[in-house]
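Using numbering that gives the first Met the number 0, read the sequence shown as starting at 0 and increasing by one per residue. C-beta: ideal position from N, C-alpha, C; glycine also. Worksheet: the structure to be examined is printed underneath.
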Amino acid sequence: MNTMSRFSPIRVVRGHSGETRSVDTADEVWKTLLDDWPSEEGDCFLSALLICIDVQRGERAPEEARLAFIAAAVEAGVPLLS
0 MNTMSRFSPI
10 RVVRGHSGET
20 RSVDTADEVW
30 KTLLDDWPSE
40 EGDCFLSALL
50 ICIDVQRGER
60 APEEARLAFI
70 AAAVEAGVPL
80 LS
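Okay, structure coming up:
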């Protein structure tokens, strides 16, 4: 499975700047969690990273990374836009 397979985009608000970023691949989920996340703690955060690895290995569908990212955002209080 290709980690570049796109899923329905998620717009995430970055930090205090209010800037938004569109995330639509497992690779972008991975990068956003590692580079832009307010905390490297939490069950959903860790689960999302592991799911991204599974997507890279072809063991899960990219949509699962999307759902895990949403859960991690809720857990961390990171605003998402529809």
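| Query | Result |
| --- | --- |
| C-beta contact flag for Val-11 and Ala-72 at 8 Å | yes |
| Proximal residues to Trp-36 (C-beta, below 8 Å), its chain only, five neighbours per side dropped | Phe-44, Ala-71, Ala-75 and Val-77 |
| Inter-residue spacing [alpha-carbon to alpha-carbon] between Gly-14 and Arg-56 | 31 Å |
| Residues near Glu-39 by beta carbon distance below 6 Å, same chain, minus five either side | none |
| Length of the line joining the Cα atoms of Asp-34 and Ala-25 | 14 Å |
| Sequence-distant residues of its chain with Cβ nearer than 6 Å to Leu-49 (five each side left out) | none |
| Local conformation of Asp-38 per DSSP, three classes | First, the amino acid is wrong: residue 38 is Ser here, not Asp. DSSP places Ser-38 in coil when its eight states are reduced to three. |
| N- and C-terminal bounds of the beta strand (DSSP E) containing Arg-65 | No beta strand (DSSP E) contains Arg-65, which is instead part of the alpha helix (DSSP H) from 61-75. |
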